[in-house]
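Numbering (the numbering used here), first residue to last: -9 to 102. The C-beta atom is built at its ideal place from N, Cα and C for all residues, glycine as well. Data block below; observations after.
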Amino acid sequence: MARPKKEIRELKAIHISFRTTVDNYLIVAHNAESYGLSIADYIRKKITGKPLPRYKVSPYERKIFVELSRIGNNINQLAMKVHLGQNQPEKLTEQLVELQRVLSDVKQIMVK
């Protein structure tokens, strides 16, 4: 089934171009990255008065969140293998020790 056609008002068919200083561009780029938005989406939300995400997240914090998400995914994969009986105790122990080390490193970073 084909995707429904958008109404003409919903299409992003108009391109707006403007000049800015390097300093202004860097400020906008930093703010957009802090909110996790592209520059175009950030400007679009600012000029239309739409709400931005509730709080800014620094790029460093965003990297930590991504890494924690990956760790959670790995834990889920390990749990699934254990439940399916595909576990290899020696490898599982190594992976859990490594996971514990990474989590303690993340805790130390978060406390600072």
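### Query
Looking at the unbroken alpha helix (DSSP H) that takes in LYS71, where does it start and where does it end?
Counting along the chain, the unbroken alpha helix (DSSP H) around LYS71 starts and ends at 49 to 73.
### Query
Does the distance from the C-beta atom of LEU82 to that of LEU68 stay below 8 Å?
Yes, the Cβ-Cβ distance between LEU82 and LEU68 is below 8 Å.
#### Entry: Local conformation of ILE17 per DSSP, three classes
Of the three classes helix, strand and coil, the one that applies to ILE17 here is helix, per DSSP.
### Query
Exposed or buried, ALA22, counting other C-beta atoms within 10 Å across all chains shown (16 or more means buried)?
Counting Cβ neighbours within 10 Å, ALA22 comes out buried, since at least 16 surround it.
### Query
Under a Cβ-count criterion, where at least 16 other Cβ atoms within 10 Å of its own Cβ denotes burial, should TYR32 be classed as buried or exposed?
By the 10 Å Cβ count, TYR32 comes out buried.
### Separation of ARG(-7) from GLY75, as counted between CA atoms
If you take the alpha carbons of GLY75 and ARG(-7), they lie about 42 Å apart.
### Query
Thinking C-beta only, is SER48 closer than 8 Å to SER28?
Using a Cβ distance threshold of 8 Å, SER28 and SER48 do not count as a contacting pair.
### Query
Using the C-alpha atoms, what's the distance from THR38 back to PHE8?
Roughly 17 Å separates the two Cα atoms.
### Reference PHE55; option with closest CA among VAL96, LYS40, ARG44
Taking only the C-alpha atoms, the option nearest PHE55 is VAL96.
### Query
In three-state terms, what does DSSP make of THR38?
Of the three classes helix, strand and coil, the one that applies to THR38 here is helix, per DSSP.
### Query
With DSSP run on the structure shown, which of helix, strand or coil describes ALA3?
DSSP places ALA3 in coil when its eight states are reduced to three.
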